[in-house]
Amino acid sequence: MKELQHLNKYFLKYKKHLLIGIVITIIARIFLLFTPRYIKKIFEVVEKHQKGLGESSIQSELIEIILYIVGAAIIAGIFTFLMRQTIINVSRYIEYDLKNEIYNQYQKLSLNFYKKNRTGDLMNRISEDVGRVRMYAGPAIMYSINTITLFVIALIYMFDEAPKLTLYTILPLPILSVAIYKLSKEIHKRSTIVQQYLSKLSTFTQETFSGISVIKAYGIEPYTASSFNTLSEASKQTQLSLVKVQAFFFPMMILLIGASNLLVIYIGGKQYINGEIESLGTIAEFIIYVNMLTWPVATVGWVTSIVQQAEASQKRINEFLRLEPEIKNTVNIHTKIHGNIKFDNVFFTYDDTNIEALKGVSFNINQGETLAILGKTGSGKSTILDLIGRLYDVNNGFIFIDEKKIHQLNLSDLRNSVGYVPQEAFLFSDTIKNNIKFGKDNATDQDVMEAAKDAQVHKNILKFNKKYDTILGERGITLSGGQKQRISIARAIIKKPEILLFDDCLSAVDTETEEKILKNLNRITQGKTTIIVSHRVSSAKNADKIIVLEDGKIVQEGNHNTLINIEGYYKHLYLKQLSENTGSN
């Protein structure tokens, strides 16, 4: 139960609903337990009239008692309905709050977290695991309160009626308690394994559907299906292993309740013969009590199973909730960003791969200037952009924005001032318009259209049947690579940020379209700090500064005119691409 203590704050939040639910539960059980007492009265009335002691007609007395039973049952039914409406609703509120808490935590965690954890596992914890926790916060609590209330009230009635018979009746219950304790430990262990396999299945299917085009292109559907079957079979076996343990509960309940009934009939019969019990109605009353306790006793095993599964799930949830975000916002006041950027001897190593991406990188960009970064794959170009957006923190050295260390800036203000176009364009399964407006929620349709025109994608959009209201497939699968890149550019420029970061975002467009986009960008980026990462000299030649990276170090620095006159990577790349363009023409 230690892991489930995390939910105590939610129980306190909804304590009024829970207290009302508990009161309603007690009232419902009290009225429900009127039935056995009135059944006893029926026997007493019949016995009294058989002995000739009845003053009124037996029919009228029986009708009166039956009306009491029906009335009590109706009232108990109404309060049982209200009980479910209060306590079960609380579980839905807690489910809502817990999902939001997990989602907000996911939002805070850094990119390193997402590199180390799979999407399917993250999804499983916020869906399947939270669902199991909800069962604890609702049905498990409701039936526990119901069972405790019913037991306490029933035992009070039973002891008041026949103490000795009551003791014999509850004799099997300690055996039940020991059995539940033993089985619950095994259920907890097996529930954890079941949830782990569910995460593996979610991850596998999510990756399969995301990469379905690759799977089909390589014709590996049979292999994928075989892998899924293997994983699914393992998951099935873990589920069956859990079910086998759970299956012991209900037969055990039936056996113990049956034993209690036999004890009531045998001991009660002897007491009636010996005159210790005045009426056969007492035996009938006790049999009804025992059978009324059958379901609550049976739910003890079910509730125990739910609690164990919920604890296993909450433990998995807590693993992520307890993680401290690596990137923290330490500044509460708003920070105005202008766009002066300085790297001072910056070193950075990726935790997940231990690759040293930057080794003592230093450069300076003034507000309104454009910096181009070139270099071979893996030289550290994209890392510089990630560090400016503070998606990671440096290991050594300093990054200054407007002469302030980057961690001294309000993180939200910093990121809101940055327009970032990643190397791999990511689009959401939404309309084209909303994908562009993602950069600026309050943008008008005219703003969206202007951004699309500047990104040279407006004419492409107009060719779709629904134009800007066209719904894109997952990750923008319905668009070409160049169209996705240009919509990503439109998304970045529509917010008119102080800093624009372009990570090789023109690699999938032709040279003519690239020239048009760059021309528009030269106009749009006036007065804005711009960094362009590229493999093309054409994207870099108009920049105020150019740096060339190799193995995480700056090996060349200057402008286009300077670098084409110096032997090195830039001049070699320029001549190579110049000859390719000349040859193609």
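Numbering (our numbering), first residue to last: 7 to 591.
Virtual Cβ for every residue (Gly too), placed ideally from N, Cα, C.
Just so it is clear, the structure is predicted and the values come from calculations on it, not from any experiment.
- Taken atom to atom, the span from the alpha-carbon of residue 510 to that of residue 19 is near 49 angstroms.
- Assignment of residue 536 by DSSP, reduced to helix, strand and coil, places it in the strand class.
- When DSSP states are grouped into helix, strand and coil, residue 165 belongs to the helix group.
- Under DSSP, residue 349 shares a beta bridge with 369 and 405.
- The C-beta separation of residue 353 from residue 345 comes to about 24 angstroms, leaving the pair out of contact by the 8 angstroms criterion.
- Only residues of its own chain outside the window of five on either side were considered, and among them 118, 121 and 122 have a CB closer than 8 angstroms to the CB of residue 358, listed in chain order.
- In the three-state DSSP reduction, residue 515 falls in the coil class, being neither helix nor strand.
- A contact between stretches requires three or more CB pairs, one per stretch, nearer than 8 angstroms, and the segment 546-554 meets this requirement with the segment 372-386.
- When C-alpha distances from residue 263 are compared across 277, 273, 293 and 285, the shortest belongs to 293.
- Per DSSP, residue 9 lies in no beta strand (DSSP E) and is assigned neither H nor E.
- Under the three-state reduction of DSSP, residue 355 is assigned to strand.
- Look at residue 476 here: in three-state DSSP terms it is coil, with no helix or strand label.
- Counting only runs of at least 3 residues, the segment 253-334 fully encloses no beta strand (DSSP E) element at all.
- Residues of the same chain with a CB within less than 8 angstroms of the CB of residue 90, apart from the 5 flanking positions on each side, are 148 in chain order.
- Setting aside the 5 residues that flank it on each side, residue 554 is surrounded in the same chain by 380, 381, 561, 562, 575 and 576, each with a C-beta closer than 6 angstroms to its C-beta; the list follows chain order.
- Residue nearest to residue 315 within the set 287, 194 and 281 is 194 (criterion: CA-CA distance).
- The beta carbon of residue 323 lies closer than 6 angstroms to those of 131 and 135 in the same chain, with the five residues before and after it left out.
- By the C-beta criterion, the segment 137-153 is judged to be in contact with the segment 93-104, since at least 3 inter-stretch pairs fall below 8 angstroms.
- Assigned with DSSP and collapsed to three states, residue 410 falls in strand.
- Minimum Cα-Cα distance from residue 124 among the listed residues 171, 202 and 42 corresponds to 202.
- Non-local C-beta neighbours of residue 252 in its own chain, meaning closer than 6 angstroms and more than five positions away in sequence, comprise 311, ordered along the chain.
- Between the segment 10-26 and the segment 67-80, the count of C-beta pairs closer than 8 angstroms stays below three; the two stretches do not touch.
- Boundaries of the beta strand (DSSP E) harbouring residue 377: 376-381, taken from the DSSP string.
- Looking only at 52, 84 and 103, the smallest Cα-Cα distance to residue 15 is reached by 103.
- Rounded to the nearest angstrom, the gap between the Cα atoms of residue 191 and residue 198 is 11 angstroms.
- Residue 241 is a Cβ neighbour of residue 207, given a cutoff of 9 angstroms.
- With a 10 Å radius around the Cβ and a threshold of 16 neighbouring Cβ atoms, residue 249 comes out exposed.
- The C-beta distance from residue 474 to residue 437 rounds to 7 angstroms, short enough to meet the 8 angstroms contact threshold.
- The beta strand (DSSP E) runs of length 3 or more contained entirely in the segment 412-441 are, from start to end of the chain, 424-427.
- Of the residues 420, 433, 414 and 449, the one whose Cα lies closest to the Cα of residue 485 is 433.
- Where residue 29 is concerned, the enclosing alpha helix (DSSP H) starts and stops at 21-38.
- Taking C-beta atoms as the reference points, residue 161 and residue 172 count as a pair closer than 9 angstroms.
- For residue 400, the three-state secondary structure derived from DSSP is coil.
- Under the three-state reduction of DSSP, residue 364 is assigned to strand.
- Within the same chain, and ignoring the five residues on either side of residue 209 in sequence, the residues whose Cβ sits closer than 6 angstroms to its Cβ are 124, 126 and 127.
- Our two residues, residue 337 and residue 418, have alpha carbons roughly 10 angstroms apart in a direct line.
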